[in-house]
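In this text, residue positions in the sequence shown follow the working numbering: the first is 377, and each later residue adds one.
Remarks on the structure that follows.
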Amino acid sequence: MSRKIILILLAFMSFTVSAYSAGKQFTLVIDAGHGGNDVGAKGSFSYEKNINLKVALAFGRYVEKNCSDVRVIYTRKTDVFIPLHERASIANKNNADVFISIHTNALPAGRTARGVETYTMGMRRSDEKLSAAKRENSVIMIEKDYKEHYEGYDPNSPESTIMFEFINDQNMAQSIELAKYVQSSMCGTLGREDKGVKQDVFLVLRETSMPACLIELGFITTPDEEKFLNDNDNVEKIAKAIYQAFVQYKNKHSAGGSPVYLASSDDNGSKKNSSSSKENVEKDSKKKQGAKNEDKGEKPVKKTNSSKSETKNVPVFKVQILAVSKPLSVGSSLLKGLEDVDSYSENGLYKYTYGASADYNEIYRLRKSILDKFPEAFIIAFKNGEKMDVNQAISEFKSNKK
């Protein structure tokens, strides 16, 4: 074992100890893959580097707006080239608690694929000749002094791979957990094809000393995927889904601080659900749902009757368990055996909730009780039949208790 690798290993141990020191602010490092003269994968009309940056910045905005106790650090915020080893170094020097690297997938000409996959550092489990890691790692060839920075790493050497898998093993369980949250949120709320959580030898992950994952948002070389990834509305939806996954992870692993949940809002935090727009969505959804269930002869999951289920002038909390593009029937396998599930329509999606109470603590406990079935579940709030900012609802709940 070279002296270089031993020093890296010792540095990892040092950073890991300091990262969990008492009273440390929770730190998230967001890494937009590629940049500058490294354009990443190429589509028919776009570059990976630009998609990655748009999603990374949008994701960061959600965290900065909703999580006041989180320090957000970006490896890049503009179109510049940052070597892979420097990206990991940024995370390590700032004692980050989580490192999330954002990328866009690609395949050789003539091949197509769709969907999201999320990676953690580990030995490659795939027989593909061109793995995602090999493609992402190829950027080191344009880095200055890459042989010095990546001494001891040979992508074709099992011994090299095992060494860095051992280094990351102390964070492996939490990295996989984070990756699963991302997959569940991205695929569950956006209806994206789930290509799974995987492991591979990514150089940008190998030297991070904290739980880390790398997200492949979709395939830029597949025409409809490229179009989807370049749509600004979809960029916001993707960023919101990643944020939701981050919040689930943080709420479980952050020492102290109040739980934070994603409110229904646009990028500026303003409410989008006016009574008129909500009525239009409800009417449209009712027609679609009634027609589909009539054709199938199925009984739909009941929709929330706000006037009966909610107390006037008092926030009512519920657990949102999933959002889908098509309505579900009673007994659907996607509900995983839960009964008394309600639904409401918003932004063209059918959203399903479990439980309803003016007592936030009761719903908080209810959410925890179903996390084994719905790890992506989060708390929402209504008042007088209108959906409201959940953080504001929690504040009102606390005020009413005084």
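Cβ coordinates follow ideal geometry from the N, Cα and C atoms, glycine included.
Applying the criterion that 16 or more other CB atoms from any shown protein chain within 10 Å of the CB defines a buried residue, is glycine 409 buried or exposed?
buried
Local Cβ density within 10 Å of threonine 494, reported as buried at 16 or more and exposed below that
buried
Option in Gly436, Ser465 and Pro751 with minimal Cα separation from cysteine 563
Looking at the Cα atoms, Pro751 is the closest of the given residues.
Nearest-angstrom Cα distance between lysine 628 and proline 599?
38 Å
Return helix, strand or coil for serine 422, following the three-state DSSP convention.
coil
DSSP three-state label for arginine 447, please.
strand
Hey, is the stretch 554-574 in contact with the stretch 453-465, meaning 3+ C-beta pairs nearer than 8 Å?
no
As an exercise, report each continuous beta strand (DSSP E) stretch of at least 3 residues that is fully enclosed by the stretch 449-505, in chain order.
Runs found: 474-481 and 492-497.
Nearest residue (CA-CA) to alanine 467, options Lys727, Pro587 and Asn610
By alpha-carbon distance to alanine 467, the top candidate from Lys727, Pro587 and Asn610 is Pro587.
Would you identify the three-state DSSP class for isoleucine 755, choosing helix, strand or coil?
strand
Drop a sphere of 10 angstroms on the beta-carbon of valine 456, count the other beta-carbons inside from all chains shown, and report buried for 16 or more, exposed for fewer.
exposed
Alpha carbon of serine 560 to alpha carbon of aspartate 748, nearest angstrom:
13 Å
Taking C-alpha atoms, which residue in Ser705, Ser719 and Val692 lies nearest to glutamate 772?
Val692
By the DSSP assignment, the alpha helix (DSSP H) with isoleucine 591 in it spans what residues?
It is not in any alpha helix (DSSP H) - isoleucine 591 instead sits in the beta strand (DSSP E) that spans 588-595.
If you check the beta carbons only, do arginine 447 and threonine 496 fall under 7 Å apart?
no
To the nearest angstrom, how far is the alpha carbon of alanine 734 from that of alanine 417?
49 Å
Boundaries of the beta strand (DSSP E) in which glutamine 696 is found, first to last residue:
692-700
Do alanine 699 and leucine 725 have their C-beta atoms within less than 7 Å of each other?
Their beta carbons are under 7 Å apart, which means alanine 699 touches leucine 725 by this criterion.
Among Val558, Ser465, Gln624 and Val474, the one whose alpha carbon lies nearest that of glutamate 592
Val558
Alpha carbon to alpha carbon, how far is serine 585 from valine 717? Give it in angstroms, no decimals.
41 Å
Span separating the alpha-carbon of glycine 594 from that of methionine 548:
When only Cα atoms are considered, glycine 594 and methionine 548 end up about 24 Å apart.
Just grab the DSSP bridge partners of leucine 704 for me.
Paired residue(s): none; leucine 704 is not in a bridge.
Give the DSSP-derived three-state secondary structure of isoleucine 770 in the structure shown.
Look at isoleucine 770 here: in three-state DSSP terms it is helix.
If contacts are defined as beta-carbon pairs under 8 Å, then isoleucine 406 and threonine 480 qualify, I think. What distance do you get, rounded to the angstrom?
The beta-carbon distance between isoleucine 406 and threonine 480, rounded to whole angstroms, is 15 Å. This is too long to meet the 8 Å contact definition.
Restricting to Cα atoms, I'd like to know which of Gly412, Glu602, Ala432 and Lys453 is closest to glycine 491.
Glu602
Could you give the distance in angstroms between the alpha-carbon of leucine 779 and the alpha-carbon of glycine 713?
This structure cannot settle anything about residue 779, because the visible part of the chain is limited to 377 through 778.
Classify glycine 412 as buried or exposed, calling it buried when 16 or more other Cβ atoms lie within 10 Å of its own Cβ.
That one is exposed.
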